[in-house]
Amino acid sequence: SRLTEVMAARSTHSLKRSAAFAVALATSATLPSARVAVVSAFAPCRQYHPSCRACAFQPISRHGRKCPLPPRPFPRRRMYAVAAAERDDDISASDSSAVSPSTSGSSAVRSVRRTDPPPLPYFQMVSFYRFAPLSDPASVRDALFEELVQIDGLRGTAYLATEGINAQFAIPTDRCSSEGHAVRSFRDAVRRGIPFDPFEINAINCGDLVDSTLPTFNRLVVRTRDAILRSGLRRDGPDGDDAEVPATFDWDDAGMELTPEEWDVDLRKRSSGILLDCRNSYESEVGTFAGAEPLDTDVFSESWDVLKEKTKNLDKSEPVRIFCTGGIRCVKVGAYLKQELGFEDVRRLEKGTIGYERWATEAGKEANSGRTDDDEAAAKESLWEGENFLFDKRRFNDEHESIQ
């Protein structure tokens, strides 16, 4: 299977290189001592390959380890800038058990490394975001960190900027419920640290419930940045000025948000429009919705030209359906489609693929239990094909099945 994986068309420009490595790997299978020579004969990749999760070689070349799979023809850049687990690793601390001091600048951070064993048997994976003005993100960062650090074993990352908050956390818990005491206590702590209620518009997005022995996040991190989601959106400068200026949009005008149940029904009935996967290529390759068109981007900031190209032949009244992992990217994409490209009917998936996966699992349990339900979609198979890309360290673990 490993030989098949290497040979399975990683990219057309590298077929000869793939064949050469496959032969070398076959040799090293019987001669373990030759494995080092095989790896050293191939340059380390500059990006992540989803298939490496099942490979004996570690894919994180920028941390000193090499992946023998041939690189794809994409720009050599850090592809997982959005991955929460890697954001944790980018933070240095002289004392791994101490709280790092506040710093200044666009990446000012407060963090603590969690070295003690988790206090409870499970982690409830959660995420949330809200676009709301913050006049002083640095002071909010400090206040929020002081609240969250009091929760024993809490780990994850929160970004604060003048445009709002974006966060992903693993909450220690002892019960299989998203409405348990641990999640309620976490919500209360967040509300005490932020001058607005981040859950007023969108409820907290509860993902998997996983065993606390599985790797999720190393640290509790709260940092300030120039944006909670860097988009690279630009507009032409004033007349006579060739420089581009940051684009400003109304993030509250980003299209109609559909619940996972409404989204499922809408996809089954769709007869017109387009379904766009607004995630990056390494996410889409792992799994996506049936019939979706991926943007095939390396990073989120490349989305805008691709969106123009994908929608150039669509009538402005046709529905444009968009989805991402947790929903935040679709806010900016939806605003761009409506306010810049002029589309009238933009529909986005509430809570993203995480929310849909949870809904589909629960709907499937109800259907299998023999309960009757007016919603026929609950008894049908999920429209999701493949896996949901994980934005924490579970993606490097072969046994990352959720408890639920």
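Read in order, the letters of the sequence shown correspond to residues 2 to 405 in the numbering used here.
Yeah, the Cβ is synthetic: ideal placement off N, Cα and C, and Gly gets one too.
Three-state secondary structure (DSSP) of alanine 228: Counted from its first residue, the sequence shown places residue 228 at position 227. Residue state, collapsed to three classes: coil.
Three-way DSSP call (helix, strand, coil) for serine 112 in this model: Residue mapping note: residue 112 aligns to position 111 of the sequence shown, counting from 1. Residue state, collapsed to three classes: strand.
Any 3 or more C-beta pairs closer than 8 Å across the segment 257 to 269 and the segment 336 to 350: yes
Euclidean distance between Cα positions of glycine 335 and glycine 165: The residue you call residue 335 lines up with position 334 of the sequence shown. The residue you call residue 165 lines up with position 164 of the sequence shown. Roughly 17 Å between the two C-alpha positions.
Segment contact, 8 Å Cβ cut-off, at least three pairs: the segment 321 to 331 with the segment 352 to 364: yes
Leucine 384 in three-state terms, based on DSSP: As a position in the sequence shown, residue 384 is number 383, starting the count at 1. Secondary structure of leucine 384 (DSSP, three-state): coil.
Terminal residues of the beta strand (DSSP E) in which glutamate 258 lies: For this step, residue 258 is matched to residue 257 along the sequence shown. Its beta strand (DSSP E) spans residues 257 to 259.
Backbone CA spacing between serine 128 and threonine 362 [nearest angstrom]: As a position in the sequence shown, residue 128 is number 127, starting the count at 1. As a position in the sequence shown, residue 362 is number 361, starting the count at 1. Near 18 Å, if we compare the C-alpha coordinates of threonine 362 and serine 128.
For asparagine 167 and alanine 85, the rounded distance between their alpha carbons: Residue 85 sits at position 84 when you count from the first residue of the sequence shown. Residue 167 sits at position 166 when you count from the first residue of the sequence shown. Confidence in alanine 85 is poor, its pLDDT being 35 and thus under 50, which makes the residue's placement too unreliable to answer from.
Span of the beta strand (DSSP E), counted from its first residue to its last, around aspartate 278: Here residue 278 corresponds to residue number 277 of the sequence shown, with the count starting at 1. Where aspartate 278 is concerned, the enclosing beta strand (DSSP E) stretches over 275 to 278.
Stretch pair the segment 188 to 201 + the segment 252 to 262: three plus CB contacts closer than 8 Å: no
Per-residue DSSP class, three states only, for glutamate 294: Locating residue 294 in the sequence shown gives position 293, where the first residue counts as 1. In this structure, glutamate 294 counts as strand in the three-state DSSP scheme.
Beta-ladder partner(s) of phenylalanine 129, from DSSP: For the purposes of this step, residue 129 is identified with residue 128 of the sequence shown, where counting begins at 1. Partner(s): Ala168.
Best match in Gly157, Tyr337, Asn219 for proximity to alanine 171 [C-alpha to C-alpha]: As a position in the sequence shown, residue 171 is number 170, starting the count at 1. The residue with the shortest Cα to Cα distance from alanine 171 is Gly157.
Buried/exposed call for arginine 220, threshold 16 Cβ in 10 Å: In the sequence shown, counting from the first residue as 1, residue 220 sits at position 219. Buried.
Cutoff 7 Å; reference proline 320; Cβ partners in own chain excluding five residues on either side: Mapped onto the sequence shown, residue 320 falls at position 319. Contacts found: Ser273, Gly274, Asp346, Arg348.
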